[in-house]
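Here the structure comes first, spelled out in structure tokens, and everything after it is commentary.
There are 2 protein chains.
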Amino acid sequence: MGLNRGVSVVGAGMTRFHNRLHADKTGRELFVEAAIEAAGSVDKGFRFRDAGALFVGNFAGDVFEGQGHTAAVMADWLGINPVPAYRIEDACASSGAALNLGVITIASGMADVVLVGGVEKMSRLTTEQVTDALALAADSSYETSVGFTFPSIYAAIASAYFKKHGAAWEQLAAVTIKNHRNGALNPKAQFQSDILTTARKIGERDGRVFKDEMEFLRSDLNPVIASPLRLFDCCPVSDGASAVILAADEVAWSYTDTPVKIAGIGQASDTIALHSRPDFTTLRAAVKASEDAYRMAGATPRDIDVADVHDCFTIAEVIATEDLGFFPKGEGGKAAEEGLTALNGSLPINPDGGLKAKGHPVGATGVAMAYEMFKQVRGQADRHQVQGAEVGLIHNVGAAGASVAVQIYRRG
Amino acid sequence: MGLNRGVSVVGAGMTRFHNRLHADKTGRELFVEAAIEAAGSVDKGFRFRDAGALFVGNFAGDVFEGQGHTAAVMADWLGINPVPAYRIEDACASSGAALNLGVITIASGMADVVLVGGVEKMSRLTTEQVTDALALAADSSYETSVGFTFPSIYAAIASAYFKKHGAAWEQLAAVTIKNHRNGALNPKAQFQSDILTTARKIGERDGRVFKDEMEFLRSDLNPVIASPLRLFDCCPVSDGASAVILAADEVAWSYTDTPVKIAGIGQASDTIALHSRPDFTTLRAAVKASEDAYRMAGATPRDIDVADVHDCFTIAEVIATEDLGFFPKGEGGKAAEEGLTALNGSLPINPDGGLKAKGHPVGATGVAMAYEMFKQVRGQADRHQVQGAEVGLIHNVGAAGASVAVQIYRRG
């Protein structure tokens, strides 16, 4: 099966992701901020009224903010009623799924232009409450009911990976160091400081000096959260929003001379509970969704110049780079350690800092990845630009891979 | 804009809707029950693996059951991973919106067959907690924060309607009486007892005898909830699930010789808060969504033989029958009083009992309407069959009309 019509990205915007900066803003205000930036980014101009549908990825606004019915709220706040407005919830893959449905809607003939966004306002709750809220995406009957929340779920995945491949935590630390280094170059990132700088700042407080990143990451200042995962293996709690404007290929040129073609899409599901899976070291839905996207794009992993993958925990990035076919099974961690995934490596991963450093307002993450690829493929990513990037991929995961959305972008 | 491919319904199922019957079942169990009935209803056989995508309408499983990520859960429970699975949340129009996206997905070329369902398991909470949870669909900043929850929102709508049209509560009571009469004929309905029978049962408790329905409905046994709305003007709290199987027209015939054609679809939004609207006596999104659906179907309101409309409160049914063009503005209440909307009237409305008597597990309601029209248009609605029905319409409302989904069905 394929799409009856081609679709491109013609504009993109996002708020900075942050845990304190947006304390006085509601989710709807953040969403409008991102959407206005997206509209302003369209070279030949865009009016919100051009959108024939609105898709909003949001995981748990009802729990985080006491506000459900998110898409209708956003349509209202943008002043674009009576636009058809759909809230999509696929856990942390909510706006990746929304992106896929935006593409599908244009392909169906029901709209030429669609606005797709994501939003999450998480910081009103304590970190403990956020962990509980996020656990609504795991299996309530068999996992969360016994305290198996995401740090421990991904810790189990990391343990399985270490055992199977003889790997060790140092590979994960390499991901941390790389992503914070990239985040330091990204003005939209929550953490804009590399680990060495962070180590100096934190060390100063009690007069400690670290000779390098690893000494800091091995120290008690990077405490174990769920063994083997430490604090700096986990993405932060974030507020933020993101938006992209999709257009049918034949109208995209009326918005910009440099549209970014969505060459392939994929969406897949897997069991909600980990106990139903034969192997924790791969997310089957990521494999399937990427296979579908590669096939539609007529591409292979070797064609990808840059990718944003879902590094909610460092181990997730390692496994993603294997599931997507970038590295053989068991080699993803080594690839990170050897610098292959660095900004100047052979296949840069998460040039924007990833969820790890850029932040992870969960419903906003998928579309924020699309924002990054829109910039990368057009050569507009400034200090974190991957040189010569023409083909980009995004990989957005819900829960521990029960939902995965993938898209492949190509210079228009 | 129109659909690039035609779509039909080839199967439908639903659980009984009830507030106590399903106490020991989770939402996922209810969903599977409905889906299995839908699969079993396909004349020439259906395997779940045939579905190229799954859409699940669910309003607030995270709040009601501590379970979000609903679509992935349902895909897992049906055993159809890695099917693309999307949860759609548009408040009480969640599964109506899911239906529209199911149609759109087939039209896009991404799937030939799609499973669309809805589910809500509400009865674990007290009625007060449910009212609060439902209010997550209203405006948290301006409405729910000051106690303006749905009974009071629809009470304001009823008051405005009475004032504008010189109408009175007796017109609403006529809707109650009709819908309970219909519900008494529907084995899937929560309340299967007409108002007279109900009055006898309730009256017996303290030796009271009511001479007719109106005497009971005017009594203190039908207390005011939010003036002018009384208890029997409000739909109940319900658990339940629903599912339909959609297929591209060209493959529908391989599933059944009597598919039901989806002739038109519409989806629209309106302001989330009532304070932004010039007129409370019409839901603009219902007018717009139905206009779009009529246009696509090449139909007018006079072509409709039977309709399921969103009677979360009796006033909502009255206004719906006007917004959909069945009766002139201000005449919907009279039409109900005069019996025009009765099962044997000129335009039967809610032959299944409506939300009022059938029940309203909110995320399941839109698809349950599609279930009813699938039966009606095929002449399989048994005791609540509308004679000669060939064209049916569904009207599914989120909140006080901030989201509305409409579909028109025609005998294939």
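Those protein sequences? They're chains A and B, same order as listed.
Using the numbering used here, read the first sequence as starting at 554 and increasing by one per residue.
Using the numbering used here, read the second sequence as starting at 554 and increasing by one per residue.
C-beta atoms are modelled at their ideal positions from N, C-alpha and C, and glycine is treated no differently.
Predicted, not measured: the structure shown is a model, and the values here were computed from it.
In the displayed model, residue 668(A) falls within a strand according to three-state DSSP.
By the Cβ criterion, the segment 787-800 of chain B is in contact with the segment 909-917 of chain B, since at least three pairs of Cβ atoms, one from each stretch, lie closer than 8 Å. Take the alpha-carbon of residue 688(A) and the one of residue 798(B): they are about 31 Å apart.
At a beta-carbon threshold of 8 Å, the residues of chain B lying near residue 636(A) are 821, 822, ordered along the chain.
Around residue 841(A), the beta-carbon contacts reaching into chain B at under 7 Å are 635. Only 629, 634, 635, 636, 637, 638, 639, 640, 641, 642, 643, 644, 650, 654, 657, 658, 660 from the segment 629-660 of chain A bring a Cβ to less than 7 Å from some Cβ of chain B. The Cβ atoms of residue 612(A) and residue 667(A) do not sit closer than 8 Å to each other.
A direct Cα-Cα distance of roughly 6 Å separates residue 947(B) from residue 860(B). If you draw a straight line from the Cα of residue 804(B) to the Cα of residue 748(B), it is about 45 Å long. DSSP places residue 960(A) within a strand segment (E or B) once states are collapsed to three. When secondary structure is reduced to three states using DSSP, residue 663(B) falls in the coil class, being assigned neither helix nor strand.
Within the same chain, Cβ atoms closer than 6 Å to the Cβ of residue 637(B) are found at 606, the five residues on either side in sequence being excluded.
Contact with chain A is absent for residue 570(B), since none of that chain's Cβ atoms lies less than 8 Å from the residue's Cβ.
For residue 837(A), the enclosing alpha helix (DSSP H) stretches over residues 837-850.
Not a single C-beta of chain B is nearer than 8 Å to the C-beta of residue 682(A). A residue is called buried when at least 16 other Cβ atoms come within 10 angstroms of its Cβ; residue 597(B) does not meet this threshold and is exposed.
For the segment 855-882 of chain A, the beta-carbon criterion of a distance under 9 Å to any beta-carbon of chain B is satisfied by none of its residues. In the three-state scheme derived from DSSP, where H, G and I count as helix and E and B as strand, residue 639(B) is classed as strand. Burial state of residue 576(A) is exposed, judged by a 10 Å Cβ sphere holding fewer than 16 other Cβ atoms. Residue 874(A) and residue 570(A) have their C-alpha atoms some 24 Å from each other. Residue pairing by DSSP places residue 946(A) opposite 860(A), 961(A) in a beta bridge.
Using a Cβ-Cβ distance cut-off of 8 Å, the segment 706-714 of chain A and the segment 678-687 of chain A are not in contact, since fewer than three pairs of beta carbons, one from each stretch, lie closer than that value. By the C-beta density criterion, residue 698(A) is exposed, having fewer than 16 other C-beta atoms within 10 angstroms. With the rule of 3 Cβ pairs closer than 8 Å, the segment 722-735 of chain A counts as touching the segment 760-780 of chain A. Here the C-alpha atom of residue 951(A) lies approximately 21 Å from the C-alpha atom of residue 572(A). Taking a C-beta cut-off of 9 Å against chain B, the contacting residues of the segment 595-622 of chain A are 605, 606, 607, 611, 612, 613, 614, 615, 616, 618, 619, 620, 621, 622, listed in chain order. Non-local beta-carbon contacts of residue 814(B) in its own chain, meaning distances under 6 Å to residues more than five positions away in sequence, involve 561, 963, 965 in chain order. In the same chain as residue 942(B), and ignoring 5 residues on each side of it, the C-beta atoms closer than 7 Å to its own belong to 858, 859, 929, 930, in chain order.
By the criterion of a C-beta distance shorter than 6 Å, residue 742(A) is surrounded in its chain by 736, 906, 910, 911, once the five residues flanking it on both sides are discounted.
For the C-beta of residue 690(B), the chain A residues within less than 7 Å are, from N- to C-terminus, 621, 622. Residue burial is scored here from C-beta neighbours: residue 809(A) has at least 16 other C-beta atoms within 10 angstroms and is therefore classed as buried. Residue pairing by DSSP places residue 822(A) opposite 956(A) in a beta bridge. Against residue 694(B), the close residues of chain A are 579, in the order they occur along the chain (beta-carbon pairs closer than 7 Å). Scanning chain B for C-beta atoms nearer than 8 Å to the C-beta of residue 554(A) yields 605, 662, 663, 664, 665, reported in chain order.
Annotation for residue 792(B): the continuous beta strand (DSSP E) segment containing it runs 792-801.
For residue 733(B), the secondary structure class from DSSP, reduced to helix, strand or coil, is helix.
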